[in-house]
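Okay, so here's the structure we're looking at.
Residue numbers (my numbering), protein chains in the order written: chain Z, 192 to 577; chain R, 192 to 577.
Structure (C-alpha cells):
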C-alpha cells in the first residue's frame with residue numbers, strides 16, 4: 192500500500208467532511224447542539240491549537256450550519272489566523288470579567304430555548320453548569336476521530352516517517368553512559384529540524400516530541416522518567432520511546448534495546464513479548480473486537496507464566512494526539528474498523544529483570560494492517576555493539 | 192527582604208501544612224470529602240506530577256485523615272517514587288477495563304454513605320458523574336494555593352532567579368535575524384542546564400520553560416506564536432517572553448525590546464505602558480481589591496487614549512503552574528493578601544504599531560511588593576545596539 196506523506200494544513204473541504212460526520216451523529220442522537228471544550232476536539236474541528244490556560248475556549252456545534260467558538264478577545268486574531276473553515280467567533284473581554292461580560296454570558300446567548308445538548312467526558316464542571324436545557328453525555332467528536340479521513344492517513348504517514356528517522360538517531364546515540372537528558376534534547380531536535388525544513392510555519396502549539404529511555408534497573412516501572420540524569424548501561428533491557436505530535440499529528444515508536452550483550456534472564460521475556468506482539472499484529476484487523484484482541488494477547492503472556500508481570504493493555508490510538516481512543520483493551524468491546532490506528536505494544540515488566548516492550552503505530556485496512564513506523568525488532572538487531 | 196532560593200523537594204511537614212489548610216476549609220464548608228483531578232492540584236497535595244493521558248488519576252481528600260489516590264496500576268511505583276506525605280494508593284487495572292474493575296468502581300468504594308463532596312471547576316464530567324452523595328462546587332485547593340507557604344516562596348525565588356538568568360541570554364541573543372526557533376531552543380536550554388546542575392533528579396513532568404518573542408508586525412496579536420521561522424528585525428517593538436515551570440514552580444519575565452532604534456510612533460505607547468506598570472506595582476499590595484487595581488491600571492491607559500487597544504487584565508498568579516488564580520482583573524473582587532504572587536503586565540496593542548508589555552513576577556508583603564524577576568525596564572536599556 193503506497194501512502195503519500197503530506198504536511199500541509201487541512202483545507203475547507205476536509206474540515207466540512209469532519210463537521211458533517213459530527214452533525215450526522217448529532218442528528219442520529221437527537222441533539223440540537225454539541226459543546227466541545229477539549230482542546231484536541233476543538234483542534235480537530237477548527238485547526239486551532241489552543242495554548243491551554245485558564246481562559247475558556249468553548250466550541251458550540253449546531254445540528255445544522257456553522258460552528259460558533261467562544262474565545263477570549265485577546266485570542267481572536269490568533270484564532271482567525273489558524274482556523275480553517277467557517278467558524279463564527281464570539282469573544283468575551285477577559286477571565287475573570289465583570290458580571291454580564293464573562294465567557295459564560297456570551298456562551299449562554301448562543302442557544303435557542305430548551306435545547307438538547309451533547310457534552311463530552313472531559314467537559315469541565317464550570318462549562319457543564321452553564322449548558323442550558325437537557326444535557327446528554329456522549330463523546331461524538333472523540334468517536335468520529337477514531338476512524339481517520341484520507342487526509343489524516345497521509346498526515347499520520349508523515350509523522351510516522353519522522354518518528355522512524357528520529358528513532359534511527361536514537362539508536363545511533365545509544366551506548367553505555369548516554370544520558371536521558373542527551374536523548375531528550377538530541378532526538379526531538381533532529382525531528383524538529385526535519386519538520387521545520389518542510390513546514391517553516393509549523394504550529395508549535397500542536398508539536399511536542401518526547402524521546403526517553405529507561406535503564407534496566409528502572410524499566411519495570413514503565414512511566415517513571417523522573418530523573419534525566421539516568422544513563423544507559425551495558426546489558427539491558429532499555430525500553431526506548433518516541434511519542435509525539437508533529438505539527439498536529441501523533442505517532443509512536445518504541446524498541447527495547449541491549450548494549451553489548453543480552454542478560455540470560457532477559458531472553459525468555461523478550462521472546463514472549465515478541466510472540467504477544469505477533470499475535471496482536473495478526474489480530475488487530477477490521478471485524479475483530481478490541482476486547483478479544485487484548486485478551487488473546489494477554490493470554491499469550493499468561494500462558495508463558497508472565498501473568499503477574501502485565502501492567503497495561505495492548506495498545507491505544509493516535510491521531511491529533513499521541514494517546515487517545517480507541518483502545519485494544521479488555522472491557523472495550525468495540526469492533527475494529529478500517530482506517531483506525533493503534534499502537535501495538537504488549538509489555539512484560541519483571542522487577543529485578545526489567546521491562547520488555549516494543550511499540551509500533553499501525554493502520555487497519557481490509558487487507559490487514561500497515562505499519563506506519565517500520566523498524567527492525569529482532570533481538571539480534573536490538574543488541575548494539577559497544 | 193532576603194529570601195533564600197531553594198530547589199529541594201517539599202518535606203512531609205510542608206505537605207501536612209497544605210493538607211491541613213485544605214481540610215480546615217472543608218470543615219468550614221461542611222464537606223465530608225473533596226475530589227481533585229486537576230493535575231496541578233494533585234501535585235500540590237502529593238508532589239506527584241502527572242503525565243496527563245486518558246487514564247484517570249483522582250485524589251480524594253477526606254475531612255480528617257490521609258489522602259486516597261486512585262491511580263492506574265501501571266503508575267503505582269511511579270507515584271510511590273514521587274509522593275511526599277501519607278497517601279494511600281488504590282489502583283485499578285487499566286482504562287478501559289472490564290466492568291467491576293474500572294477506575295470508577297475503585298473510586299466509588301472510597302466514600303462513606305451519603306457524603307457531601309466538594310468538586311473543582313475543572314472536574315471532568317466523567318468524574319463528576321461518579322461522585323456519590325451531594326456535590327458542592329468549590330475551588331478549595333485552588334483557593335489555598337493563592338497564598339504561598341514559606342517553602343513555596345523560596346522555591347519561587349529559585350524559579351525567578353533562573354528566569355532572570357535566562358532573560359539575560361535572551362537579550363544577548365537578540366539581534367536582527369534572530370529566529371523564534373533559535374530562541375525557543377537556546378534560552379530554555381540555558382535554563383535547563385542550570386536547573387539540572389542543581390537538581391539532577393529534576394522532574395521533567397513538572398518542568399516546562401517557554402521562550403518566545405514576536406517581531407513588530409505580529410506583536411499586536413499577543414498569543415500568536417504560530418511561526419517559529421519569524422525573526423527579529425531592526426526597530427521594534429519586540430515583546431520577549433519567558434514563562435515556565437522549573438522543577439515544579441513557575442515564573443514569568445517579559446520585556447519589550449527594540450533593535451537599533453525606537454520608531455517614533457512606539458515612544459508614547461511605551462511610556463504609557465510604563466505608567467500603567469508603575470501604577471500596578473504601586474497598588475498591588477495587601478488590602479487592595481484586585482478589581483480596583485486592574486481598573487486603576489486600565490484607567491491610566493484609557494485616559495492616555497489607548498482604551499481601544501487593551502486586550503487583557505493587569506496580571507495573573509503563578510505557583511505550581513505558570514498561569515493561575517488569583518487575577519488582577521476587573522470583576523474579580525478579592526482582596527490582596529500577603530504572600531500572593533502576581534505577574535504585573537499591563538499591555539497596549541496597536542495594529543500597525545505593535546504590542547507593548549513588560550511582565551514581572553512579584554510577591555505581595557505587608558511592606559510593599561517584592562520583585563522576584565528584577566531586570567532593567569527603561570526604554571534606553573531596552574534599546575539594544577546593533
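Glycine included, every Cβ here is placed at the ideal spot set by N, Cα and C.
Only counting the same chain, and skipping five residues up and downstream in sequence, which positions put a Cβ closer than 7 Å to that of residue 547 (chain Z)?
428, 447, 460, 461, 464, 538 and 539
Starting from residue 431 (chain R), trace the beta strand (DSSP E) in both directions and tell me its first and last residue.
For residue 431 (chain R), the enclosing beta strand (DSSP E) begins and ends at 426 to 437.
Check the Cβ of residue 532 (chain R) against every Cβ in chain Z and list those closer than 9 Å, keeping chain order.
Residues of chain Z passing the Cβ test: none, with the nearest at roughly 15 Å.
Span of the beta strand (DSSP E), counted from its first residue to its last, around residue 446 (chain R)
440 to 450
Distance, Cα to Cα, residue 321 (chain R) vs residue 453 (chain R)?
58 Å
In chain order, what are the residue ranges of uninterrupted beta strand (DSSP E) at least 3 long that sit wholly in the region 215 to 254 of chain R?
224 to 227 and 249 to 253
Cβ contact check for the region 381 to 396 of chain Z and the region 436 to 446 of chain Z: 3 or more pairs under 8 Å:
yes
CB of residue 506 (chain R) within 7 Å of CB of residue 532 (chain R), strictly
For the pair residue 506 (chain R) and residue 532 (chain R), the CB atoms are not nearer than the 7 Å cut-off.
Between residue 184 (chain R) and residue 527 (chain R), how many whole angstroms is the CB-CB distance? I'm expecting something under 8 Å.
Nothing can be reported for residue 184 (chain R): it is not among the residues displayed for chain R, which extend from 192 to 577.
Which same chain residues, not among the five before or five after residue 424 (chain R), have their C-beta less than 6 Å away from its C-beta?
367 and 406
Using a Cβ-Cβ cutoff of 8 Å, what residues of the region 494 to 522 of chain Z are near chain R? List them in chain order.
Those residues of the region 494 to 522 of chain Z that come within reach of chain R (Cβ to Cβ, closer than 8 Å) are 502, 503, 504, 507, 514, 515, 516, 518, 520, 521 and 522.
So residue 244 (chain Z) and residue 514 (chain R) are in contact, right, with Cβ under 8 Å, and what is the actual spacing, rounded?
With a Cβ gap of about 5 Å, residue 244 (chain Z) and residue 514 (chain R) count as contacting.
Residues of its chain near residue 258 (chain Z), where Cβ-Cβ distance is below 8 Å and the 5 sequence neighbours each way are ignored
Excluding positions up to five away in sequence, the list reads 210, 236, 237, 250, 251, 252, 276, 277, 278 and 279.
Beta-ladder partner(s) of residue 540 (chain R), from DSSP:
R:546
Taking Cβ positions only, does residue 282 (chain Z) come closer than 7 Å to chain R?
no
Is there a C-beta anywhere in chain R that falls below 7 Å from the one on residue 373 (chain Z)?
No, its Cβ sits nowhere closer than 7 Å to a Cβ of chain R.
So what does DSSP say about residue 506 (chain R), is it helix, strand or coil?
DSSP places residue 506 (chain R) in strand when its eight states are reduced to three.
Going by DSSP in three states, residue 357 (chain Z) sits in which element: helix, strand or coil?
In the structure shown, residue 357 (chain Z) sits in a helix (DSSP, three-state: H, G or I).
One or two residues paired with residue 328 (chain R) in a DSSP bridge
R:310
Please list the terminal residues of the continuous alpha helix (DSSP H) segment that includes residue 384 (chain Z).
371 to 389
Count the other C-beta atoms from every protein chain shown that fall within 10 angstroms of the C-beta of residue 372 (chain Z), then say buried if there are 16 or more, exposed otherwise.
buried
So for residue 316 (chain Z), helix, strand or coil by DSSP?
helix
Taking residue 410 (chain Z) as the reference, which of Z:550, Z:544 and Z:493 has the closest Cα?
Z:544
Cβ atoms of residue 450 (chain Z) and residue 577 (chain Z): under 7 Å apart, would you say?
yes
Which value, in whole angstroms, describes the spacing of the CA atoms of residue 511 (chain R) and residue 228 (chain R)?
15 Å
If you measure between the beta carbons of residue 262 (chain R) and residue 282 (chain R), is that distance less than 7 Å?
yes
Chain-ordered neighbours of residue 363 (chain R) on chain Z, where CB pairs are closer than 9 Å:
By Cβ distance, chain Z contributes nothing, its closest Cβ being about 20 Å from residue 363 (chain R), past 9 Å.
Is it buried or exposed for residue 458 (chain Z), if we count other Cβ within 10 angstroms and need 16 for buried?
By the neighbour-count rule (16 or more Cβ atoms within 10 Å), residue 458 (chain Z) is not buried but exposed.
Contact criterion: CB-CB distance below 7 Å. Does residue 272 (chain Z) meet it with respect to chain R?
yes
Can you confirm whether residue 288 (chain Z), when its beta carbon is compared against all beta carbons of chain R, has any partner nearer than 7 Å?
yes
Heavy atom of the ligand FMN within 6 Å of residue 456 (chain Z) beta-carbon:
Looking at this structure, you won't find the ligand FMN or any other ligand, since it has none at all.
For residue 549 (chain Z), decide whether its Cβ has a neighbour in chain R, counting only Cβ atoms nearer than 7 Å.
no
Who are the neighbours of residue 416 (chain Z) on chain R, taking C-beta pairs under 7 Å?
Residues of chain R passing the Cβ test: 395.
Output yes or no for whether 7 Å exceeds the beta carbon distance between residue 433 (chain R) and residue 471 (chain R).
no
Beta-carbon spacing of residue 646 (chain Z), residue 566 (chain Z) below 7 Å
Only positions 192 to 577 of chain Z appear in this structure, which leaves residue 646 (chain Z) out of reach.
Cross-chain neighbours of residue 452 (chain Z) in chain R, by beta carbon under 9 Å
Neighbours of residue 452 (chain Z) on chain R: none; closest Cβ ~27 Å, over 9 Å.
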